[in-house]
Amino acid sequence: MSGKIAIVGAGPSGCYLAQALLKKAPDLQVDLIDQLPVPYGLVRYGVAADHQGTKGVARQFARVFERQGARFFGNVAIGRDVTLDDLRAAYDAVVLAAGLSTDRRLAVPGDDLPGVYGAGRLTRALFEHPDAEELPDLGAHPVIVGNGNVAIDLLRLLAKAPEELDGSDLGEGPSRWLAQSGIKTITITGRSPAARAKFDAVMVKELAKLSDVRIEVVGAGDSDDPAELKTLEALTAIHGHGDGAKRIIFRFGLTPKAVEGEGQVQAVRFDTESGEEVIPCTSVLTAIGFEAAPGLPRDALVAEAADAEEGRLAPGLFAAGWFRRGPRGTIPENRADAQALASVILDDFSADPTRMGGQVFDGLDNIVDYSGWSRIDAAETGAAPEGRCRTKLATRETMLGVAGARETTK
Amino acid sequence: MKITILYGTETGNAEMLAEDIQSEIEGDHEVEISNLEDFAPADFDADCFYLLVCSTYGDGDLPASAQPFADAMAAEKPDLAAIHFAIFGLGDSEYDETFNHGPKKLAELMIAHGAHQVGERVAHDASGSDMAEDLAFPWAETVIAEVSEKLGEAA
Ligand SMILES: Cc1cc2nc3c(=O)[nH]c(=O)nc-3n(C[C@H](O)[C@H](O)[C@H](O)COP(=O)(O)OP(=O)(O)OC[C@H]3O[C@@H](n4cnc5c(N)ncnc54)[C@H](O)[C@@H]3O)c2cc1C
Ligand SMILES: Cc1cc2nc3c(=O)[nH]c(=O)nc-3n(C[C@H](O)[C@H](O)[C@H](O)COP(=O)(O)O)c2cc1C
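Quick mapping for you: the protein sequence lines, in order, are chains E and L.
Reminder that position 94 of the first sequence reads as 94 in the working numbering, one-by-one numbering, no gaps.
Reminder that position 145 of the second sequence reads as 555 in the working numbering, one-by-one numbering, no gaps.
What follows is the structure, given as structure tokens:
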């Protein structure tokens with residue numbers, strides 16, 4: 001089968017989809033387009049810097065380009081540099097795998113006070129996303145609102161002693177920021193009771209390895225559901241762990257009602273079963289999910305989808321990964337999803353050889369292709385200092401410079 | 411020799427490795443490859459040597475694609491006394507308490523049904539510096555040599 005398919009977003013969903021499509025139909029031309037000069041989406045900018053094993057999937061994704069013949073068009077934003085309509089006209093099928101990157105807001109009074117930061121914003125800054133804002137001062141007593149794996153990632157990174165980041169790819173600036181953070185207490189709050197917290201038990205267990213903390217779990221409660229018990233056991237096991245400098249407090253059953261402060265966060269007011277409770281703090285870190293970034297009319301497309309469950313948005317237009325499903329699910333779920341979607345796409349696929357395919361990008365400046373990314377990758381791993389496995393290039397400018405650099409020596 | 415590579419995976423690393431092993435050895439052997447989720451215990455063939463490649467998930471659990479196979483083994487209780495296998499594991503030492511428990515469980519399951527393990531279980535560590543294939547190719551060569559000798563003697 002021949003034909004041209006464009007995938008918007010080179011994160012895990014896009015890469016797994018290209019892998020599955022090219023396994024089923026090796027003669028397809030599959031083009032992965034990303035607004036960033038570098039591929040792999042949240043594998044690079046979301047998965048924590050100290051979870052390098054999880055980033056190992058990038059080796060599979062590299063094969064998609066190196067052996068399966070997919071092409072990378074980096075530094076091209078669909079909706080800005082090329083319209084979605086033009087892209088659809090150029091390809092037999094277009095798949096939107098653009099993720100969801102905007103932090104969901106608390107939607108309570110005061111949620112826009114200085115000192116309230118979303119997990120996406122913070123992780124992008126920590127992991128040196130080129131569009132990230134500055135790393136803010138969190139003060140001595142941040143409160144994390146949210147009980148998913150992302151909340152635990154933030155907690156763990158903020159609690160780590162510098163030497164516990166050995167082997168990671170956390171950059172020099174963020175490493176210094178962490179070392180100098182001055183954090184004394186981190187309170188992590190969830191709306192649900194502990195038994196129904198969304199984080200995985202293994203994520204909680206990992207906290208027992210932290211060297212410079214003392215952990216308190218308040219009011220974990222009980223359950224007779226086996227899955228819930230796993231979470232509770234993990235929480236019970238870390239309660240009382242350590243006698244280090246940073247105090248970590250787990251709290252449950254707290255629903256945020258307002259963020260309070262004069263020109264700057266000073267406290268969060270919560271509703272609890274036994275009335276209101278105010279927790280004083282120096283910053284509020286929200287890890288309560290993500291929504292669509294501006295650029296593509298995601299919500300309208302999904303709402304009007306022909307079959308959102310299957311990933312069909314409109315004729316020749318499909319959706320994958322977080323963009324389709326919402327901000328839930330780990331990397332393996334995107335793989336299963338992508339394999340199912342590949343069948344859906346190919347089931348009634350027809351190719352029109354007159355479509356222009358990748359020529360639609362002709363005339364755009366500074367497109368980074370796969371070999372450009374390979375040069376960035378080599379520069380980053382080559383420059384890794386002692387105790388780090390990579391030094392990320394942190395700005396578009398430096399990325400484009402390295403990507404475009406032709407080899408001068410043979 | 412007839413060899414079947416069976417892989418159990420969650421994010422695809424074991425599948426990629428299984429395919430690499432296939433490319434590496436298919437010049438010298440008749441090699442088939444299958445995802446464990448597409449393989450039934452009744453498919454085992456005594457004339458074939460099985461190379462299992464399996465990762466670890468959750469809290470030391472089998473990966474998703476190995477689970478239906480494990481369920482089928484439990485339900486069908488096949489007699490695998492004539493079956494020889496070797497096993498290569500994928501895991502991550504960040505999960506130190508359950509490091510490579512997936513393949514360990516899979517090996518135990520095979521042995522519990524009478525199958526014979528050839529060679530040691532070798533473990534890849536996603537947090538280590540080795541590429542999985544750099545460990546797996548020598549492993550495959552060793553276990554294939556070992557089983558050739560063993561079955562050669564028996565014949
Ligand atoms: C902080 C964080 C940590 C996580 N940690 C883990 C973990 O440890 N393990 C795990 O299994 N899962 C983890 N996840 C979940 C995992 O990252 C997601 O399941 C997965 O990344 C979703 O893949 P995706 O391809 O749909 O989206 P993404 O990974 O977000 O990829 C989308 C891509 O589309 C590009 N894009 C967006 N808009 C456009 C546009 N208009 N034009 C062109 N390109 C565009 C983006 O630049 C991006 O590269 C984490 C998530 C977060 C947020
Ligand atoms: C959520 C999660 C849980 C994991 N649990 C374990 C574990 O308990 N023990 C282990 O050795 N490896 C564990 N791993 C590591 C994987 O086994 C390793 O990344 C492997 O390369 C994945 O191979 P696959 O892509 O074939 O599934 C885990 C990985 C993830 C992402």
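Quick reminder that beta carbons are idealized off the backbone N, C-alpha and C, glycines included.
Given the structure is predicted, the values throughout are model-derived calculations rather than measurements.
Buried or exposed (CB count within 10 angstroms, at least 16 for buried), residue i
i         : result
Ala565(L) : Only weak support exists for where Ala565(L) lies, its pLDDT of 46 falling under 50; the coordinates are left without a value.
Asp481(L) : exposed
Lys410(E) : Caution applies to Lys410(E), whose pLDDT of 37 falls short of 50 and renders its modelled position unreliable; the model cannot decide the point.
Glu206(E) : buried
Lys4(E)   : buried
Arg390(E) : buried
Arg67(E)  : exposed
Ala555(L) : exposed
Leu264(E) : Just to set this straight, residue 264(E) is Gln in the shown sequence, not Leu. Its Cβ having fewer than 16 others within 10 Å, Gln264(E) is exposed.
Thr408(E) : Note that Thr408(E) has pLDDT 47, beneath the 50 cutoff, so the model's placement of it is unreliable and no number is given.
Met399(E) : buried
Val218(E) : exposed
Arg124(E) : buried
Lys412(L) : exposed
Ile144(E) : buried
Met1(E)   : exposed
Ala542(L) : buried
Proximity below 8 Å, CB of residue i to CB of residue j
i         : j         : result
Phe479(L) : Val528(L) : no
Leu229(E) : Trp177(E) : no
Thr231(E) : Ala201(E) : yes
Tyr460(L) : Thr419(L) : no
Phe270(E) : Glu260(E) : no
Ala119(E) : Thr286(E) : yes
Pro130(E) : Arg396(E) : yes
Leu545(L) : Val532(L) : yes
Thr216(E) : Ile186(E) : Checking the sequence shown, residue 216(E) turns out to be Glu, not Thr. No, the Cβ-Cβ distance between Glu216(E) and Ile186(E) is not below 8 Å.
Ala6(E)   : Leu87(E)  : yes
Leu446(L) : Ala476(L) : yes
Gly139(E) : Ser274(E) : no
Ala70(E)  : Ala20(E)  : no
Distance cut-off 7 Å: residue i Cβ against heavy atoms of ligand 1
i         : result
Pro12(E)  : yes
Ile78(E)  : yes
Ser465(L) : no
Asp50(E)  : no
Phe199(E) : no
Thr236(E) : no
Thr54(E)  : yes
Asn423(L) : no
Asp153(E) : yes
Ile345(E) : no
Ala62(E)  : no
Trp322(E) : yes
Ala351(E) : no
Gly358(E) : no
Check: residue i C-beta below 7 Å from any heavy atom of ligand 2
i         : result
Ala536(L) : yes
Thr231(E) : no
Asn510(L) : yes
Gly329(E) : no
Glu420(L) : yes
Leu472(L) : no
8 Å contact criterion, which residue i and residue j should meet: CB distance rounded
i         : j         : result
Ala536(L) : Leu500(L) : 7 Å
Asp169(E) : Ala49(E)  : 5 Å
Leu158(E) : Ile188(E) : Rounded, the Cβ-Cβ distance is 10 Å, inconsistent with contact.
Phe547(L) : Glu425(L) : Actually they do not touch by this definition, with Cβ atoms about 16 Å apart.
Leu165(E) : Ser181(E) : That pair is no contact at about 13 Å.
Ile497(L) : Cys458(L) : With 8 Å as the limit, Ile497(L) and Cys458(L) do not qualify as a contact, their Cβ atoms being about 15 Å apart.
Cys281(E) : His51(E)  : That pair is no contact at about 27 Å.
Ala351(E) : Pro109(E) : Their Cβ separation, rounded to whole angstroms, is 54 Å, which puts Ala351(E) and Pro109(E) out of contact at 8 Å.
Ile367(E) : Thr421(L) : Not a contact, Cβ separation roughly 29 Å.
Phe349(E) : Asp92(E)  : 7 Å
Val213(E) : Lys246(E) : 5 Å
Counting beta carbon pairs with one atom in the stretch 12-28 of chain E and one in the stretch 73-83 of chain E, are three or more of them shorter than 8 Å?
At 8 Å Cβ cutoff, the stretches do not touch.
Between the stretch 80-99 of chain E and the stretch 143-156 of chain E, do at least 3 Cβ pairs fall closer than 8 Å?
In this structure the stretch 80-99 of chain E does not touch the stretch 143-156 of chain E; the number of beta carbon pairs closer than 8 Å is below three.
So, do the stretch 305-320 of chain E and the stretch 442-455 of chain L have three or more beta carbon pairs nearer to each other than 8 Å?
no
Inter-stretch contact at 8 Å, needing at least 3 Cβ pairs: the stretch 343-351 of chain E / the stretch 376-390 of chain E:
Judged by Cβ distances under 8 Å, the stretch 343-351 of chain E makes no contact with the stretch 376-390 of chain E, as fewer than three pairs qualify.
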